[in-house]
Amino acid sequence: MSETDHPLLEVVDLGVEFRPEGSAPALAVDGIRFDLAPGEGLAILGESGSGKTATALAIAGLLPPYAATTGRVFLDGEDLLTMSEPRLERRRGRLVGYVFQEPSTALNPVIPVGDQVAEAAAAHGKPRKLAKHNALAALRSAGFPDAEARYGAYPHEFSGGLRQRACIAMAIVNRPALLIADEPTSALDVSVQTGIVDLLGDLRRGFEMSLIFITHDLHLAPRVADRGLVLYAGRPVELGPVKDLLDRPLHPYTRALLAAVPQLGSGRGRLEEIPGSVPSATDQVRGCRFAPRCDSATDLCGEEAPGMCEVLPGHMVSCHRVGAAGPSAQPLPEIRL
Amino acid sequence: MIAGNGGDALLRVRNLTVEYSLGGEFFGGGRRLRAADAVSFDISGGLTLGLVGESGSGKSTVGKAVAGLAPIAAGSVEFDGAEVSKLRGSRRRRLARRVQMLFQDPYGSLNPRMTAGEAIWEAPRFHDLEGWRANPEEKAVEVLARVGLPRDVVARYPHEFSGGQRQRIALARALAMGPELIVLDEPTSALDVSMAAQVLNLLTDLQKDLGLTYLVIGHDLALIEKASDDIAVMYAGQIVEVAPGADLLARPAHPYTRMLLETAGGARGKVPPAEGRFAGSDSAGCRFAARCPKVDEACHRIDPDFCEVVPGHRVRCPRWG
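Sequence lines, in order, name chains A and B. Residue 1 is where the first sequence starts when you use the working numbering, and the numbers rise one by one after that. Residue 1001 is where the second sequence starts when you use the working numbering, and the numbers rise one by one after that.
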C-alpha cells in the first residue's frame, strides 16, 4: 500500500437505480461506502444480483443513460457522478481501466489485437507511433513475451485466456491509476483462471495501481486483494481484510456463502445450503434484506435495516446480531476452510 | 464397486472411442478429431461416477455418447446388459426414456417459447407414458413438486425464472421420463454459489428417493468429490485414473491428478491444457509425457495400459505399468 493518506477513490453512499422504459424501477445498489488507497486491492464479492457490476460501472462512469445515481464517487478528488460527459471521457481513460467478463465480446473480431490496444492508447492523445510502442509494452506486461509476433493476430486466433490478456493490455495501456476487473475469469477455463488472477496481482504491484476485483469466487480474492467488500442484494454486508473475511467471517451471509462452497477433501455428502433466494431489486424490503434467509434473524431484523458498523479494527459488518452488541455477544462457530 | 469390473453394473462402457470430422473431406483432408479414446468404466445402479477434466479433455463427449448423443466410432456402451448402438425401434425408444441428460446451461436448454409445463410434458406425451396424455398438467405439477417448484410454474415461461429455477425445470423435464440413469453435464457451473449448493443437494436427495444412477461431469474437483462415489480423471480423451473418491484424493497415483489437486488447493501455476488427438496421428508414448514433471525416457516410448494399482484403483501411467 502507498504511504499517502489521500485515498485514490472514495465512494460515499452510492446508490444506483435502473429505470428502464416500461418496467418497474430497480434499486440495484444502495448505501455502498468504501475508499481505496493508491496501490490498494479491493475484492467486491457477491452472487448475481448483488450489485457488484452496477457498483463497478458507476465507479467507471459507464452506467447506461437509464440509470440514476445517488451519493458520490470521488476519484482522484473529483466527483465522477456530477462530471460533464466530455470531461469524464478525458479523465476516465487515464484514471480507470476496465476489464470485462467476456473477452470474446469485448474485442472487435475484424481488427488485429495489437491495433485495438494501440487504438485505446491513441484515443487518449498518443501519436500513432507512440501508441504502437505503448501497445507492445502493454501486451508484454499482460503476458505476451512475443508481443511483436502477436501484434497482428486477430482475436479468433487466440484462446479465451489469451483474449482476456489482450483485454487487460488494452485496459492498462494508458497506465490508469485504478484497474477494475469485473469477473475477468468467469468465462474462462479453470486451468487459465489462476494465471489471469495472478497477472492482475502482479500488474497491481508492478505498476502500483489500485485494483477492484469483482468475483463470486471468494477463494480467488486473497490472490489479488487486501480487503474485501461483500454485497448482498445491492447492500454492503461486510467489509474487511480478505484474510479475515475468509478465516473468520462475521456476517451470517458471508458465513453461509463460505460454507456452501465445497471444500476439497471433505468427502461425499450434502453441502450447507442457504435456503430461499435473493430478493429482486424491484422488491420493497423493510429491514435486513438477508433476514428471510438468515438462521439467526430476530424480529428486529425484519423491521429495521442495520447499518455498517465497525466491530473489529478495519472490519465492518451490517448485522443487528453482530454489530450493536459487539462480536462477543454472539459466539462465532468455527468455520473450517 | 464402480471402478473395478463388477458384474452387475447398470452402465458398462468399454473402449469407447468418439471421433468428430473436422470437415475438408471433399479434398481428401478429412481429419478426424478423436475426442474420446478407449474410455472404459462401469457404474453400478444407484451410485454416482464423477468424471472430472478440463475443457477439451473429452468428458462431455463421453457423457453425450452415453446418452446416445454422440457418434460411437469404436467400443461399446452397454446399458442394463444391452449394447446401446445396436438397439433399434421400440427398444431404442425405451432406452431414450431410461437415460436422460441434464446440460450445464439452463438458458440454452429450455425453449424460450414453451411454458415450463409444455417443456416437461412434450417428451412423455410423445413416448405415450402412462397418464401423460390424459392429464399432462397434473403430471407436470407432480414432477415440479419433486424438484421443489410450486404449481403455478407450469404456465410460466423460461425468462420468468432465475438460473437455479431453470435448472430445476430442466431437471423436472428429465425426471418426467422416469429415467434410471441421468448424465449431469456440469449441472451447477452456470449457477451462483448458494443456488449450486441447493441444486446439488436436490440431486443427492432425488438419487436416494428414486434410486437414480448418475454420471456427473465437471471441472471442479471439490464439487465432483461431494457428489460422487467414484471419480474418473480425464486427460486428452483418455481416462488416466479412476478410483473411489476418498481413495483418489488421499492417494492420487497419476501425476496429472496430483497436479489437478495442487491447483485446486490454490497453488500458483497452471495446469497444462488437455487436447484431443487426431485420429491416425497417434505417436507412441503417454499423452501427458510432454507436460509431466515425473517424465522419464520410457514415457515417450510406452503407450501406457490402464492398470489396477490397488483393487478398484486404476491408473494409466507408464511408471506404474
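Don't be surprised by glycine CBs; every beta carbon is placed ideally from N, CA and C. Bear in mind the structure is a predicted one, so any value in this text is a computation, not a measurement.
Close-in-space but distant-in-sequence residues of the same chain around residue i (CB under 6 Å, 5 per side omitted)
i: B/Ser-963; result: The structure shown does not extend to residue 963 of chain B, since chain B spans only 1001 to 1321, so no value can be given for it.
i: A/Gly-71; result: Val-12, Asp-13, Leu-14 and Gly-15
i: B/Cys-1317; result: His-1254 and Pro-1304
i: B/Cys-1286; result: Cys-1299, Pro-1304 and Pro-1318
i: A/Ala-26; result: Phe-18, Ala-281 and Thr-282
i: B/Asn-1111; result: none
i: B/His-1313; result: Ala-1243 and Asp-1247
i: A/His-251; result: Val-237, Glu-238, Val-317 and Cys-319
Below-7 Å beta-carbon distance, residue i vs any chain A residue
i: B/Leu-1149; result: no
i: B/Asp-1192; result: yes
i: B/Thr-1204; result: yes
i: B/Leu-1223; result: yes
i: B/Arg-1314; result: no
i: B/Lys-1059; result: no
i: B/Met-1001; result: Confidence in B/Met-1001 is poor, its pLDDT being 43 and thus under 50, which makes the residue's placement unreliable; the coordinate value appears in the next sentence. Not an interface residue.
i: B/Ser-1044; result: no
i: B/Leu-1200; result: yes
i: B/Ser-1055; result: yes
i: B/Leu-1249; result: yes
i: B/Lys-1208; result: no
i: B/Ala-1243; result: no
i: B/His-1219; result: yes
Closer than 6 Å: residue i CB and nearest the ligand FMN heavy atom
i: B/Gly-1075; result: As presented, the structure is devoid of all ligands, the ligand FMN included, so that no description of it is given.
Buried versus exposed call for residue i [16 or more other C-beta atoms within 10 Å across all chains shown]
i: A/Val-110; result: exposed
i: A/Pro-64; result: exposed
i: A/Gln-338; result: Coverage of chain A is limited to positions 1 through 337, which leaves residue 338 of chain A absent and any answer about it impossible.
i: A/Arg-321; result: buried
i: B/Ser-1090; result: exposed
i: A/Leu-218; result: buried
i: B/Gly-1269; result: Annotation note: pLDDT 48 at B/Gly-1269 (below 50); position unreliable, coordinate value reported separately. It counts as exposed.
i: A/Pro-262; result: buried
i: B/Asp-1008; result: exposed
i: B/Gly-1081; result: exposed
i: B/Lys-1139; result: buried
i: A/Ser-84; result: exposed
i: A/Leu-130; result: exposed
i: B/Leu-1069; result: exposed
Interface flag, residue i vs chain B, CB-CB below 7 Å
i: A/Gln-284; result: no
i: A/Gly-143; result: no
i: A/Gln-263; result: yes
i: A/Arg-235; result: no
i: A/Glu-273; result: yes
i: A/Pro-241; result: no
i: A/Ala-24; result: no
i: A/Ser-84; result: no
i: A/Leu-220; result: no
Neighbourhood of residue i by C-beta, 8 Å cutoff - its chain only, sequence neighbours within 5 removed
i: A/Gln-101; result: Asp-182, Glu-183, Pro-184, Ser-186 and Ala-187
i: A/Ile-172; result: Gly-97, Ala-138, Ser-141, Ala-142, Leu-179, Leu-203, Phe-207 and Met-209
i: A/Pro-279; result: Ala-233, Val-285, Arg-289 and Pro-292
In DSSP terms, what residue i is bridged to
i: B/Met-1101; result: B/Val-1183
i: B/Ala-1222; result: Answer by DSSP bridge pairing: none, since B/Ala-1222 is not bridged.
i: A/Asp-30; result: According to DSSP, which records beta bridges pairwise, A/Asp-30 is partnered with nothing at all.
i: A/Gly-143; result: Answer is none; A/Gly-143 lacks a bridge partner.
i: B/Pro-1244; result: B/Asp-1230
i: B/Ile-1043; result: B/Leu-1011
i: A/Tyr-98; result: A/Ile-180
i: A/Asp-35; result: A/Glu-10
i: B/Tyr-1235; result: B/Gln-1238
i: A/His-124; result: According to DSSP, which records beta bridges pairwise, A/His-124 is partnered with nothing at all.
i: A/Pro-241; result: A/Arg-227
i: B/Glu-1118; result: Bridge partners of B/Glu-1118: none, in fact.
i: A/Cys-309; result: A/Val-317
Cβ-based neighbour list, residue i, same chain, cut-off 7 Å, excluding 5 preceding and 5 following
i: A/Asp-30; result: Gly-15, Gly-234 and Arg-235
i: A/Ala-305; result: Gly-287 and Cys-288
Interface residues of chain E facing residue i [CB-CB closer than 9 Å]
i: B/Thr-1263; result: Looking at the structure shown, chain E is missing, and the protein chains on hand are A and B.
Segment contact flag, the region 90 to 104 of chain A with the region 43 to 52 of chain A, C-beta cutoff 8 Å, min 3 pairs: no
Stretch-stretch touch, CB-based, cutoff 8 Å, three pairs: the region 1119 to 1131 of chain B with the region 1193 to 1213 of chain B: no
Three-pair Cβ contact test at 8 Å for the region 1178 to 1187 of chain B versus the region 1091 to 1107 of chain B: yes
The region 1138 to 1152 of chain B in contact with the region 1160 to 1172 of chain B per 3-pair CB rule at 8 Å: yes
Stretch pair the region 1244 to 1252 of chain B + the region 1222 to 1229 of chain B: three plus CB contacts closer than 8 Å: yes
Cβ contact (3+ pairs, closer than 8 Å) linking the region 214 to 231 of chain A and the region 46 to 60 of chain A: yes
Three or more C-beta pairs below 8 Å linking the region 239 to 247 of chain A and the region 1187 to 1199 of chain B: no
Three or more C-beta pairs below 8 Å linking the region 308 to 315 of chain A and the region 75 to 86 of chain A: no
Contact between the region 1211 to 1218 of chain B and the region 1043 to 1053 of chain B (3+ Cβ pairs under 8 Å): yes
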